Amino acid sequence: MNKKVTQNIGFGTLFLCIAITLFFLGSIIYFIVARGFKVLSWEFLTSVPKEAMTAGGVGPAIVGTVFLVIGAIVFALPLGVASAIYLTEYSPKSFIVNIIRMSINNLAGVPSVVFGLFGFGIFVKFFGFGVSALSGSLTLGILVLPQIISATQEALIAVPQSYREASLAVGATHWQTIKNIVLPSASPGILTGVILSIGRVAGETAPILFTAATFYTRGFPKSFFSEVMALPYHIYALMTEGTHPEQQTQIAYGCALILLILVLSISAAAIIIRQRQRGAAEA
Amino acid sequence: MISAKARRLKERMYKWGFTILAFASLVFLAGITITLFLEGLPVFKEVPFLKFIAGKYWYPTYEPPEFGILPLILGSLWVTVGAVIICVPLGVGSALFINELAGKRLKAFLKPIVELLAGIPSIVYGFFGMVIVAPLLQDLLNLPVGLTAFTGALILGIMATPTVCSIAEDALSFVPRSFREASFAVGANRWQTLTRVVLPASASGISTAIILGMSRAIGETMTVLMVCGGAAVIPHTFFQPVRPMTATIAAEMGETVMGSTHYHSLFAIGLILFIITFFFNVIAELVSRRFRIKLGLGR
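Here the protein sequences come in this chain order: U and X.
Counting from 894, one number per residue, gives the positions in the first sequence under this note's numbering.
Counting from 476, one number per residue, gives the positions in the second sequence under this note's numbering.
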């Protein structure tokens, strides 16, 4: 066959691939937005569920998700940044460091439902936190830890070596250099990583199935020791439990739209921050 | 003014502090492994290992109960294989388009879009599959039920596509420009360069993308829980409901009596899943390390 014809067929196939991908993903977003939009209102966002889940809003589920996100980030951020600082700024090239690197990579690949089992075995049962926002936050925190570590590592590696050398040359200690020079220059990159992990935590369902989430609470969550409703779990529960599938599906559309807006706008913010930064670095 | 000695002590304290905190990931991974073994292994006191793995019947709540997870393993396998058949060509094809064909502006637009789509929560895919795709497929293909292994594979495949695309695109962008230039210089056109130079050069990078995509598909829970139909029987066709391993854990954990054989069997399934994904990740790691060395990237 003609060289040119083969090339055209090949390029056409590649174009088809991306077109199909974008079509599928676009239709998901279209359906959720078109149907969820009708349900959305101020009342839906702020009020509690009424009449056996067939009316009212999803306020407690939104607040529950906020609880879980805050808890998970408060737990994972210091650990993740500290681990990354050790790995990029302190670590000698040793056997131990390799083991730590490997465990981070493997932790990143553990299926989310296995995190749920672990959280149930350790936090709910062993530590006796029960099914609570606390147990869920800790489980989700461990889930996003690898993501926070690798984002922070990337940000730290991007800080030019000359910055460190200049600081050390004027007599600053290793820790002073990290605290006053390296961390401030890396902070936008770290921030991006944290924002992306917020999106991940907000959308995860499997890890909170048996550690934190419940279908219905009487009102808004009171403390980290109480069971919480959560947006992603609420979608699942509305679709699989209860006795009024018609009305419940409508509410589930609303929840899915809120979740989608939440996660997409969070990730978009992170991606924009990162691109600005890259632009600044290249200029 | 603090003495030099005090300052050195402080420095050392910080170093030790970071060292200890860096062990957190190792501790958590060990904790996961230990929990799964401690809670999972007791099942083999009641059910022999081979009967557990190869048993054809999963009736955990019957009297007497049956704990054979072969239907669950096959459920996971069918759905994963189906998803891979969908996400690999779509993901790699899209990556090639973005990297090789898209102009600079289109690329700057598509790359973040794909990354953004990779972040859509799995519950949203599951919900979409349940309310839109399943009824549609049931109508179109004239099936008794819409929630089948095929529906699961389709949704999972679409879901994994952005991930595969993103990682494959990274691998493609690592191929040095000089490789392409050399190929053009000897008279190859863009397609020939793509298939005979760029693809082979990035093959192990793309393999990493595929392995990680598979790993994501096999460990995915909410989507398969919602769209696969949940019947724990050995599937004979793609258009039959199945119950993958992850879905079984998620669906049944809430109903078990703590400490019962059923409870331990769910942890044992978790352990098997953990081991499978562990192997996938190790292989992905080894392949990607070879890729870096091959292209002289080091690290």
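Idealized CB from N, CA, C, for every residue including glycine.
Being a predicted model, the structure only gives us computed values, none of them experimental.
Below-9 Å beta-carbon distance, residue i vs any chain U residue
i: residue 527(X); result: no
i: residue 518(X); result: no
i: residue 640(X); result: yes
i: residue 485(X); result: yes
i: residue 480(X); result: no
i: residue 685(X); result: no
i: residue 773(X); result: The pLDDT assigned to residue 773(X) is 47, lower than 50, so where the model puts this residue is not dependable, and the model offers no usable value.
i: residue 506(X); result: yes
i: residue 757(X); result: yes
i: residue 560(X); result: no
i: residue 760(X); result: yes
i: residue 585(X); result: yes
i: residue 600(X); result: yes
i: residue 514(X); result: yes
i: residue 541(X); result: no
i: residue 766(X); result: no
i: residue 555(X); result: no
i: residue 564(X); result: yes
i: residue 569(X); result: yes
i: residue 575(X); result: yes
Residue range of the unbroken alpha helix (DSSP H) whose run includes residue i
i: residue 1029(U); result: 1026-1050
i: residue 602(X); result: 597-603
i: residue 1137(U); result: Careful: residue 1137(U) lies outside any alpha helix (DSSP H) and carries neither H nor E.
i: residue 562(X); result: 545-571
i: residue 619(X); result: Residue 619(X) -> no alpha helix (DSSP H), and no H or E assigned at all.
i: residue 667(X); result: 665-668
i: residue 515(X); result: 499-515
i: residue 677(X); result: Here residue 677(X) belongs to no alpha helix (DSSP H), and DSSP marks it neither H nor E.
i: residue 1012(U); result: 1005-1012
i: residue 698(X); result: 697-702
i: residue 1178(U); result: No answer is possible for residue 1178(U): it lies beyond the span of chain U, which begins at 894 and ends at 1176.
i: residue 588(X); result: 579-593
i: residue 575(X); result: Unbroken run through residue 575(X): none, as it is neither H nor E.
i: residue 706(X); result: Looking at the DSSP string, residue 706(X) is not in any alpha helix (DSSP H), and its letter there is neither H nor E.
i: residue 656(X); result: 652-660
i: residue 528(X); result: 524-529
Interface flag, residue i vs chain X, CB-CB below 9 Å
i: residue 1109(U); result: no
i: residue 1166(U); result: no
i: residue 950(U); result: no
i: residue 1156(U); result: yes
i: residue 1039(U); result: yes
i: residue 1009(U); result: yes
i: residue 1140(U); result: no
i: residue 908(U); result: yes
i: residue 970(U); result: no
i: residue 980(U); result: yes
i: residue 1022(U); result: no
i: residue 933(U); result: no
i: residue 903(U); result: yes
i: residue 856(U); result: This structure cannot settle anything about residue 856(U), because the visible part of chain U is limited to 894 through 1176.
i: residue 900(U); result: yes
i: residue 1013(U); result: yes
Buried or exposed by the 16-neighbour rule on C-beta atoms within 10 Å, applied to residue i
i: residue 580(X); result: exposed
i: residue 1080(U); result: exposed
i: residue 623(X); result: buried
i: residue 491(X); result: exposed
i: residue 733(X); result: exposed
i: residue 586(X); result: buried
i: residue 751(X); result: buried
i: residue 500(X); result: buried
i: residue 686(X); result: buried
i: residue 774(X); result: Confidence in residue 774(X) is poor, its pLDDT being 41 and thus under 50, which makes the residue's placement too unreliable to answer from.
i: residue 1144(U); result: buried
Near the ligand FMN: residue i beta-carbon under 8 Å from a heavy atom
i: residue 530(X); result: The ligand FMN is not among the ligands present in this structure, which contains no ligands whatsoever.
(request) With 7 Å as the limit, tell me which residues of the region 1056-1074 of chain U have their beta carbon closer than that to any beta carbon of chain X; keep them in chain order. (result) Of all residues in the region 1056-1074 of chain U, 1066, 1067 and 1068 have a Cβ within less than 7 Å of some Cβ in chain X.
(request) Could you name each continuous alpha helix (DSSP H) segment of 4 residues or more that falls completely within the region 920-998 of chain U, going from the start of the chain to the end? (result) Runs found: 935-939 and 952-978.
(request) Could you name the residues of the region 649-679 of chain X whose beta carbon sits closer than 8 Å to any beta carbon of chain U, in the order they occur along the chain? (result) Within the region 649-679 of chain X, those residues whose Cβ lies closer than 8 Å to any Cβ of chain U are, in chain order, 664, 665, 666, 667, 669 and 670.
(request) Return the chain-ordered ranges of every alpha helix (DSSP H) run that is complete within the region 718-770 of chain X and spans a minimum of 4 residues. (result) When DSSP assignments are scanned along the region 718-770 of chain X, the uninterrupted stretches of alpha helix (DSSP H) that are 4 or more residues long and fall wholly within it turn out to be 720-727 and 736-769.
(message) Taking beta-carbon pairs under 8 Å, can you tell me which members of the region 485-502 of chain X lie near chain U?
(response) Residues 485, 486, 489, 490, 492, 493, 494, 496, 497, 498, 499, 500 and 501.
(request) Output the residue ranges of the alpha helix (DSSP H) runs that lie fully inside the region 1053-1133 of chain U and measure 4 residues or longer, sorted by chain position. (result) Fully enclosed alpha helix (DSSP H) runs of 4 or longer: 1054-1062, 1067-1070, 1076-1096 and 1124-1133.
(request) Taking a Cβ distance cut-off of 9 Å, strictly less, list which residues of the region 694-712 of chain X are near chain U, in chain order. (result) Look at the region 694-712 of chain X: the residues with a C-beta under 9 Å from a C-beta of chain U are 694, 695, 696, 697, 700 and 701.
(request) Select from the region 627-638 of chain X all residues with a C-beta closer than 8 Å to any C-beta belonging to chain U, and list them in chain order. (result) From the region 627-638 of chain X, only 633, 636 and 637 have a Cβ closer than 8 Å to chain U.
(message) At a CB distance below 8 Å, what residues from the region 591-615 of chain X approach chain U? Give them in sequence order.
(response) The residues in question are 591, 592, 594, 595, 596, 597, 598, 599, 600, 601, 602, 603, 605, 606 and 607.
(message) Give me the subset of the region 992-1007 of chain U whose CB atoms are less than 7 Å from a CB atom of chain X, sorted by chain position.
(response) Taking 7 Å as the cut-off between beta carbons, the residues of the region 992-1007 of chain U near chain X are 992, 993, 996, 997, 998, 999, 1000, 1002, 1003, 1004, 1005, 1006 and 1007, in sequence order.
(request) Taking only beta carbons into account, state which residues of the region 1116-1133 of chain U come closer than 7 Å to chain X, listed in chain order. (result) Flagged, chain order: 1125, 1128, 1129 and 1132.
(message) Under 7 Å, CB to CB, which of the residues in the region 734-745 of chain X have a partner in chain U?
(response) Taken in chain order, the members of the region 734-745 of chain X whose beta-carbon sits within less than 7 Å of a beta-carbon on chain U are 742 and 745.
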